[in-house]
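Numbering (this note's numbering), first residue to last: 343 to 478.
C-beta atoms are modelled at their ideal positions from N, C-alpha and C, and glycine is treated no differently.
It should be emphasised that the depicted structure is a prediction, and the values quoted were computed from it without experimental measurement.
Read the structure below first, then the notes.
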């Protein structure tokens with residue numbers, strides 16, 4: 343289901359709780375909502391659709407990947423950049439890392455550990471910040 347985008351910075355500033363198997367449907371809502379906003383959005387965290395759970399979705403080119411309970415376990419090569427956010431107006435400066443490794447669960451609750459770099463790594467870092475209540 344396509345959900346409304348949350349713009350309440352108080353809500354967005356709160357840490358998200360661990361996702362459970364009962365939260366699988368939130369992944370589908372993120373998928374639907376990202377598709378509805380694909381012209382100006384490349385990733386989302388569950389709190390952006392009003393669900394305070396550790397779930398993100400990232401557009402990786404041809405596919406959108408939902409990650410449950412993602413944790414960045416390794417990162418290197420920081421750089422300065424500017425980012426926008428569907429929940430906020432305008433762009434803001436931030437620091438990201440060129441290379442990251444992420445552990446997460448997929449929709450079948452299978453654990454993955456994957457390395458990402460460049461643009462995809464930047465999106466994942468932005469969405470993981472949302473899970474921590476960090477707003478750029």
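- Query: With a CB to CB cut of under 6 Å and the five nearest residues on each side skipped, what residues in its chain are close to residue 445?
  - Reply: 413, 415, 455
- Which one or two residues does DSSP pair with residue 419 in a beta bridge? Note: residue 419 sits in no beta bridge, so no partner.
- Message: As a quick exercise: from 347, 406, 351, 345, pick the residue whose alpha carbon is nearest that of residue 475.
- Response: 351
- Task: Give the straight-line distance between the Cα atoms of residue 467 and residue 404, rounded to the nearest whole angstrom.
- Result: 20 Å
- Straight-line CA distance for residue 373 to residue 478? 23 Å
- Go ahead and label residue 469 buried or exposed: buried means 16 or more other beta carbons lie within 10 angstroms of its beta carbon, across all protein chains shown. buried
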